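Asker: Input: one structure, supplied below.
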Amino acid sequence: MYNREYIKYSKYVGKITRDLRNAYYKTGSYEEKREIPLEPSQLNAKQGLGNFPAFYLQGQHCEKSDCGCCTNCFYSQFHFDKPVAEDIQAQCDYVIDNFERLVLSQQYGTNDFDGERKYQNSKPIFLTLSPTGSFFSEKEFPKEVRLDFLRKLEQKSYELQRDIVLHIEAHAIDVVKHQDYIKSSEETEILKRLNTKCILGFESADEWSRNVLYNKHLPLSCFEDAVKILKENGIEPGAFVFSGLVTLTDKESKEDMLNSVKFLKERGVFPVLMFANSQSWTLPDLLRLKGEHHLQEPATVLDTVYGALEILTDKGKTKPGYYLIPEPVEGPPYPIGNIFYNRTDIEDFSEESSKKMHQILKELRATRDISNFVCAWKDFKTNDPEYEKYRNRIHKKESEKEEKEIRFAKALKYGVEHMDEYIEYCTEKDKEESFEEDRYKI
-6 MYNREYIKYS
4 KYVGKITRDL
14 RNAYYKTGSY
24 EEKREIPLEP
34 SQLNAKQGLG
44 NFPAFYLQGQ
54 HCEKSDCGCC
64 TNCFYSQFHF
74 DKPVAEDIQA
84 QCDYVIDNFE
94 RLVLSQQYGT
104 NDFDGERKYQ
114 NSKPIFLTLS
124 PTGSFFSEKE
134 FPKEVRLDFL
144 RKLEQKSYEL
154 QRDIVLHIEA
164 HAIDVVKHQD
174 YIKSSEETEI
184 LKRLNTKCIL
194 GFESADEWSR
204 NVLYNKHLPL
214 SCFEDAVKIL
224 KENGIEPGAF
234 VFSGLVTLTD
244 KESKEDMLNS
254 VKFLKERGVF
264 PVLMFANSQS
274 WTLPDLLRLK
284 GEHHLQEPAT
294 VLDTVYGALE
304 ILTDKGKTKP
314 GYYLIPEPVE
324 GPPYPIGNIF
334 YNRTDIEDFS
344 EESSKKMHQI
354 LKELRATRDI
364 SNFVCAWKDF
374 KTNDPEYEKY
384 RNRIHKKESE
394 KEEKEIRFAK
404 ALKYGVEHMD
414 EYIEYCTEKD
424 KEESFEEDRY
434 KI
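Residue numbers for the sequence shown follow this note's numbering, so the first one is -6 and each next one is one higher.
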């Protein structure tokens, strides 16, 4: 990131984000979370990245979190004091020891296998296992524990005579930093045999979106180096692409994601399409509660998915290749505001129409049938009278908008002015509400 103005904004955003996170850690509930869980966070097949379960290790949280990176994200939540390898080992063993219940029973819908089959007569098994930050982070996931888990997972594949497709998540900088190890380790050989897909944090091909609005601290050259390293070592690279960044209009969010999908396709990287909900203790949520930021409208999400699939299939002429669309209503933690339901900031879309749109997206996720999705979405746009009102509303907002830098500068100023009020509100809300801890257990 070379633009001095962008660097100035990034530092300012980082301070606000860091201050909000530190305020969260000072809440009374922090003391209750010191003991490291014996189980990882769990998402079932209908909640995660795809039609398969996901497990996120609980221990040292994402290293970028303390730096104020990733404005919208607060999935790390509580960090724990000095987690040791044995704590992470116990969580990995929990998945292996309960493999039938946690993994085998959670293979749902249609999953695409595009690798070399070792066991031709059985269906592959899909899963995600990663820390909340980065698979290759020594602090979050020590090498010896990773290798032990991967050996045991490969043994499961042999015992069951079924191929495994493992999804992991990583920071590009960790791939680059540990490239010598990745190029020559037993771990990489097992990752290849497990058909591993490594999803990198990327968010956007646009510098302003990625390194200011999302505050990723990621040079494009670092991302491209990480992609090259993964490809050279037989690990398929994917990338998170984020839509709905703070202060962007719906039209800008859609264009941002579609430009990023084009960028990734040209480089042979599969996209994971992420649509922003609202997480507590974040700048976007502060601004949303004050009416200064709005989540994308449901129709924007569906229009964006439609546009992304057009790009990935060359307008229906080819197969799309691998792609993922995580369930946009889930967590963890469960979002304080989501795109499809309980909206008070949308003038025309009814709860019934929002539910229809969410169902169209859920059907795509479950079946991966693009032609059915296209038909269902075109039918909705043609027959639902609220869609035309939505288009007019989006056009009006575009015609009235200020320059993106002005909008964002105003939002930052507003955020600082109302931070104390927001912290007080969130603290009281956390005391009043007890979130369902088992909501994400399989």
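From the three backbone atoms N, C-alpha and C, an ideal C-beta is built for every residue, glycine too.
For clarity, every value in this text was computed on a predicted model and none was experimentally measured.
If I measure Cβ to Cβ from Tyr321 and keep anything under 6 angstroms in the same chain, skipping five residues before and after, which residues do I get?
Answerer: Here residue 321 turns out to be Pro, not Tyr, going by the sequence shown. Counting only Cβ-Cβ distances below 6 angstroms, and skipping sequence neighbours, we find Phe268 and Ile332.
Asker: Could you please give the first and the last residue of the uninterrupted beta strand (DSSP E) stretch that includes His54?
Answerer: Careful: His54 lies outside any beta strand (DSSP E) and carries neither H nor E.
Asker: Of all the options Tyr418, His287 and Asp362, which has the alpha carbon lying nearest to the alpha carbon of Tyr316?
Answerer: Among Tyr418, His287 and Asp362, the Cα nearest to that of Tyr316 is on Asp362.
Asker: His54 and Gly126: beta carbons closer than 8 angstroms?
Answerer: Cβ atoms of His54 and Gly126: closer than 8 angstroms.
Asker: Determine contact between the region 202 to 217 and the region 171 to 182, defined as no fewer than three beta-carbon pairs at a distance below 8 angstroms.
Answerer: In short, these stretches do not touch, since the Cβ pair count stays below three.
Asker: According to the neighbour-count rule (16 or more other Cβ atoms, all chains shown, within 10 Å of its Cβ), is Gln272 buried or exposed?
Answerer: Label assigned to Gln272: buried.
Asker: Rounding to the nearest angstrom, what Cα-Cα distance links Leu146 and Glu32 in this structure?
Answerer: Whole-angstrom Cα-Cα distance: 17 angstroms.
Asker: Any chance you could list the beta strand (DSSP E) runs of at least 3 consecutive residues sitting entirely within the region 182 to 266, in chain order?
Answerer: DSSP runs (the beta strand (DSSP E)) wholly in the region 182 to 266: 190 to 196 and 229 to 236.
Asker: Quick one: Cα of Lys374 to Cα of Ser214, how far?
Answerer: Cα to Cα, Lys374 sits roughly 40 angstroms from Ser214.
Asker: If you compare alpha carbons, which of Thr189, Thr311 and Ile166 is closest to Phe216?
Answerer: Of Thr189, Thr311 and Ile166, the residue nearest in Cα terms is Ile166.
Asker: Taking the straight line between their C-alpha atoms, what separation do you get for Gly324 and Ile399?
Answerer: Their backbone Cα atoms lie some 32 angstroms apart in a straight line.
Asker: Please state whether the Cβ-Cβ distance between Val158 and Lys111 is less than 8 angstroms.
Answerer: Result no, Cβ atoms of Val158 and Lys111 do not sit closer than 8 angstroms.
Asker: Along the alpha helix (DSSP H) that carries Pro378, what are the first and last residues, could you check?
Answerer: That run of the alpha helix (DSSP H) goes Pro378 to Glu393.
Asker: My output table needs one value for Glu163: the three-state DSSP class, helix, strand or coil.
Answerer: Reading the sequence as shown, one finds Ala at residue 163 and not Glu. Residue state, collapsed to three classes: strand.
Asker: For the beta strand (DSSP E) holding Phe119, just list the boundary residues, first then last.
Answerer: Element bounds for Phe119: Ile118 to Pro124.
Asker: Cβ atoms of Val234 and Val220: under 8 angstroms apart, would you say?
Answerer: No, the pair does not count as a contact, with Cβ atoms beyond the cut-off.
Asker: Using DSSP bridges, identify the partner residues of Leu479.
Answerer: Past the edges of the chain, shown from -6 to 435, lies residue 479, and the structure says nothing about it.
Asker: Tell me the DSSP bridge mates of Ala47?
Answerer: In DSSP, Ala47 forms a bridge with Leu36 and Thr121.
Asker: Report the rounded CA-to-CA distance for Ile29 versus Pro291, giving the unit in angstroms.
Answerer: Each residue's Cα considered, the two are about 37 angstroms apart.
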